[in-house]
Amino acid sequence: MGRILGISSILLLILTFPLESILAVTIQMNAGRIFKKVSIQKESETEIEVVDPDGVIYRIRKDKIKQITEDTPDTVPEFASDESIPTGAVKTPSPKDSLPEHSILLSQSLSNDGAFQGSDLFGERQARRNGTSYKDFYEAYFLTTSVEILGLPKQFKLGLTMMNPLVDRSNTDTDLRLQSTPGGPDQTYLLDKSIATGVLQFDPNEVKTRKEKNGLYDYLFTRAMYDHETKLGTFSAGFLFINQNDPTYVMRGYWVIGWKAPFWEWLNPQFSINNKMLNDYGGTFQGTHNYRLTVSHEFFKGETFRITPSLVVGYAEVNDNTDRKKGISDISPRLQFDYGKFFFAANMMYRATPALVDNATYTPNIGAYPDSNANDGLTIDPAKAYGYKNELIINYISSLSDDPAVKRALVDHYQQQHIVHVIFFYNIGYTIRI
13 MGRILGISSI LLLILTFPLE SILAVTIQMN AGRIFKKVSI QKESETEIEV VDPDGVIYRI
73 RKDKIKQITE DTPDTVPEFA SDESIPTGAV KTPSPKDSLP EHSILLSQSL SNDGAFQGSD
133 LFGERQARRN GTSYKDFYEA YFLTTSVEIL GLPKQFKLGL TMMNPLVDRS NTDTDLRLQS
193 TPGGPDQTYL LDKSIATGVL QFDPNEVKTR KEKNGLYDYL FTRAMYDHET KLGTFSAGFL
253 FINQNDPTYV MRGYWVIGWK APFWEWLNPQ FSINNKMLND YGGTFQGTHN YRLTVSHEFF
313 KGETFRITPS LVVGYAEVND NTDRKKGISD ISPRLQFDYG KFFFAANMMY RATPALVDNA
373 TYTPNIGAYP DSNANDGLTI DPAKAYGYKN ELIINYISSL SDDPAVKRAL VDHYQQQHIV
433 HVIFFYNIGY TIRI
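Below you can see the structure in the form of structure tokens.
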């Protein structure tokens with residue numbers, strides 16, 4: 013709760029809310045942790061479910077409980093009705109704490125990278141910006157801030173997550189490309205001609221490196237869900253909207269349907285479908301689907317120190333409306349350690365089907381030749397795309413043969429690298445109530 017989960021779950025907020033109080037109690041755990049003014053909602057042979065004054069629900073193992081004591085009423089009992097007083101019975105005013113004690117659950121964490129449904133959110137963009145090779149561990153540090161609304165009815169969940177990069181926010185030049193206008197064609201060849209002829213072939217005040225909008229972007233994830241509990245499990249439906257401060261990607265919207273199974277509670281199995289219903293990128297991704305299965309288990313529930321391993325598997329029914337590829341988008345294990353208000357999580361995202369992101373939309377065509385094989389899992393290495401050094405190497409390779417097919421094969425061999433299958437990242441942060 014209030015913690016940012018890795019890959020699928022780094023990025024989708026879960027909020028819980030109160031039922032009518034059944035019994036106001038204080039629960040003391042064997043490890044010393046105390047739950048005050050909680051109400052018992054459900055009970056099984058091994059666990060009890062309680063809700064605190066803020067509407068946050070906990071499931072606690074019975075063998076970890078030291079003592080349960082009933083709380084005394086916070087208000088003075090009402091006077092009995094007195095017929096001699098025409099104003100009727102005297103009632104005490106509603107106490108201030110009749111509202112939830114806290115309004116929001118705030119969680120903040122520092123991460124070196126983030127992921128969503130098989131997509132790397134920061135690291136791979138950082139590599140293209142800085143002209144470095146794609147790799148499995150990046151230092152694209154960003155701050156995640158999550159806010160969850162407390163005290164709403166239990167069925168409703170509402171929250172938002174902001175991801176704000178702490179590095180590489182500013183715009184830089186276009187990886188040593190020479191341009192006459194920002195975003196214009198690469199004119200580095202004019203420098204080659206100038207060196208070869210000994211005569212300057214361009215105006216250096218006009219053709220030069222120019223700054224582009226290639227800083228790391230802020231993200232805003234907003235989630236609103238409704239849960240309905242039945243004997244067949246908990247069914248949920250709602251919306252997930254993703255805003256990005258890149259004018260090309262203004263907003264992406266998902267219709268989310270989920271189901272939490274009533275069995276195998278030890279593994280906490282959950283299944284959801286993210287259906288793309290809104291996209292401002294020319295409708296490229298509109299209508300795509302991602303099926304997600306999540307399992308997790310929290311060890312040492314209710315204690316100060318807790319360990320929670322989890323696993324998310326995602327399957328893309330259609331990756332976009334142009335390529336229409338299918339396959340496993342990501343397999344994302346996570347191991348989280350909690351100590352009181354603080355947590356640390358180690359995450360991994362494994363892209364079992366790299367062809368899903370082998371396209372010009374996800375990995376832009378920045379090589380000397382366009383990508384002619386969108387299923388080989390190869391993309392252009394940003395470190396071998398731009399700059400005078402790469403220009404010299406590509407020109408030399410191209411001079412080795414007059415056959416266009418051979419030229420292309422040689423240049424592609426130099427420029428291409430395999431799309432990274434595995435990406436590692438971590439989160440370290442805290443969760444408090446305000």
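First residue of the sequence shown: 13, per the working numbering; consecutive thereafter.
Even for Gly, the Cβ is constructed at its ideal location relative to N, Cα and C.
Since this is a predicted model, take the numbers as computed values, not measurements.
Within the DSSP secondary-structure output, D424 pairs in no beta bridge. Non-local C-beta neighbours of L203 in its own chain, meaning closer than 7 angstroms and more than five positions away in sequence, comprise L190, Y400, ordered along the chain.
In this model, S308 and R346 are separated by some 9 angstroms (Cα to Cα).
DSSP, reduced to helix, strand and coil, places A367 within a helical segment of the structure shown. In the DSSP assignment, K353 forms no beta bridge with any residue.
Boundaries of the beta strand (DSSP E) harbouring R318: 317-330, taken from the DSSP string.
When Cβ pairs closer than 8 angstroms are counted between the two stretches, the segment 151-163 is seen to touch the segment 115-123, the count reaching three or more.
Under the DSSP assignment, I392 falls in the beta strand (DSSP E) whose first and last residues are 390-392.
Beta-carbon to beta-carbon, A236 and F251 are separated by about 5 angstroms, close enough to satisfy the 8 angstroms threshold. Here S341 is near L368, since their CB atoms are less than 7 angstroms apart.
Under the 10 Å beta carbon count, V325 is surrounded by 16 or more other beta carbons and is classified as buried. Note: H430 is bridge-paired with L390 in the DSSP secondary-structure output. By the criterion of at least three beta-carbon pairs nearer than 8 angstroms, the segment 200-220 is not in contact with the segment 132-139.
Taking the Cα positions, V68 is about 19 angstroms away from I319. Per DSSP, the continuous alpha helix (DSSP H) segment holding E403 begins and ends at 400-410.
Restricting attention to I161, Y231, F311, E218, the CA atom closest to the CA of R445 is found in I161. Rounded to whole angstroms, Y153 and A127 show a C-alpha spacing of 13 angstroms. In the DSSP assignment, E136 falls within the alpha helix (DSSP H) that extends over 135-142. Here the alpha carbon of T375 sits roughly 8 angstroms from the alpha carbon of I392. Scanning its chain for C-beta atoms nearer than 6 angstroms, with the 5 sequence neighbours on each side dropped, one finds around Q282 the residues K272, T306, in chain order. Comparing alpha carbon positions, the residue from T184, Y231, N255, F253 closest to K223 is T184. For K169, there is no enclosing alpha helix (DSSP H); the residue is part of the beta strand (DSSP E) that begins and ends at 168-177. DSSP places T375 in no beta strand (DSSP E); its state is neither H nor E.
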